[in-house]
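In the working numbering, the protein residues as written are 75 to 401.
Glycine included, C-beta positions come from ideal geometry on N, C-alpha and C.
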Ligand SMILES: [Zn+2]
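In structure tokens:
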């Protein structure tokens, strides 16, 4: 604006003051406006933005989803179909934890990948729920036959004891209670929902426990061989005997594993050999034929459908398998 330069002094002063006033009015208006804007947003946030919960693997997802229902967003870090015991964290896991409010884990050293992943996520507000809180772990209740190879391969932390607590309905109940209490503490607004949802799930867990008790009390000390040390808690609860020859499931059994299984069958009155779902191991098949033992499938529920009710279906199928084997 070249013309401003040739305007009279008065006019120039006026024109200098006016924009200043306008600016003051505008800026004070702006100042008033922005807090109200922020208020409107923050008033909306609690109801619109759900609490974000990340869970580690399937059973923890089931239990958490059952308690949270629809009032929180529940995610899973280890995708179903992926082996939890040897899991290596992915970049998206770090991202998920970085933006989460709550992290729920099984505990007892199962999630070996978690400590480093949580560190990398740098989320100081993250609330962690350890579902194994208050549960006394076992190193091994039933005799676990260990190979020298396994001792050497022991890179996943098992120092806190056997982690497979979810396979005992009574311990699963404790896990659900820990999740409920943790969610209520972190998100008290939804306390009533967490209480009602957990009560419904716990009722089904109690029912499952009495079914197991009633069915399996007929077969005390029924002994089975597993190729995954997943059932010491279940065996202890219902007075069965697990002889595990492999600590975590392997794609291919080693000759030592097979020899351990043969030794176990010689040593104990073994009723059945249990394999994992989805494994088609020829070696195991011929072994069971040689030993004249049934080879059946017991599900450690580390993989499967994401519906929380699947826990009950899977456990009931396990009960049928155990009864058929122990008869
Ligand atoms: Zn396992």
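Check: Taking the straight line between their C-alpha atoms, what separation do you get for residue 245 and residue 400?; Outcome: 23 Å
Check: Would you say residue 317 and residue 338 are within 7 Å of each other, going by their C-beta atoms?; Outcome: yes
Check: Determine the DSSP secondary structure at residue 319, reduced to helix, strand or coil.; Outcome: coil
Check: Taking the C-alpha atoms as reference points, what is the distance between residue 200 and residue 194?; Outcome: 12 Å
Check: Which residue marks the beginning of the alpha helix (DSSP H) containing residue 356, and which one marks its end?; Outcome: 356-364
Check: When you measure from the CB of residue 304 to every non-hydrogen atom of ligand 1, does any distance come out below 6 Å?; Outcome: yes
Check: Is the Cβ-Cβ distance between residue 260 and residue 176 less than 7 Å?; Outcome: yes
Check: Is the stretch 287-298 touching the stretch 312-326 in the sense that three or more CB pairs, one from each, lie closer than 8 Å?; Outcome: yes
Check: Measuring straight from C-alpha to C-alpha, what distance separates residue 152 and residue 130?; Outcome: 6 Å
Check: Let me make sure I understand the geometry here. Which of 126, 359 and 136 has the alpha-carbon closest to that of residue 174?; Outcome: 126
Check: Could you name the residues that DSSP lists as bridge partners for residue 300?; Outcome: 318 and 348
Check: Taking the beta carbon of residue 380 as the centre, do at least 16 other beta carbons fall within 10 Å, making it buried, or is it exposed?; Outcome: exposed
Check: Say the cut is 6 Å; is the CB of residue 374 nearer than that to a heavy atom of ligand 1?; Outcome: yes
Check: Quick check on the burial criterion: 16 or more other C-beta atoms within 10 angstroms. Buried or exposed for residue 362?; Outcome: buried
Check: Since residue 282 and residue 348 are thought to touch, with beta carbons under 8 Å apart, how far apart are those beta carbons, to the nearest angstrom?; Outcome: With a Cβ gap of about 19 Å, residue 282 and residue 348 do not count as contacting.
Check: Look up residue 146 in the DSSP assignment and give the residues it is bridged to.; Outcome: 125
Check: Between the alpha carbons of residue 376 and residue 263, how many angstroms are there, rounded?; Outcome: 32 Å
Check: Identify the residues that DSSP records as bridge partners of residue 203: which are they?; Outcome: 178
Check: Take residue 99 and list the residues in its own chain whose beta-carbon comes closer than 6 Å to its own, dropping the five residues that flank it on each side.; Outcome: Unreliable placement is indicated for residue 99, whose pLDDT of 41 sits below 50; the coordinate value is still reported in the next sentence. Nothing meets the Cβ criterion.
Check: Just curious, the beta strand (DSSP E) that residue 371 is in, first and last residue?; Outcome: 368-371
Check: So residue 140 packs on residue 124, CB below 8 Å; how close in whole Å?; Outcome: Not quite, the Cβ-Cβ distance comes to about 16 Å (not below 8 Å), so this is no contact.
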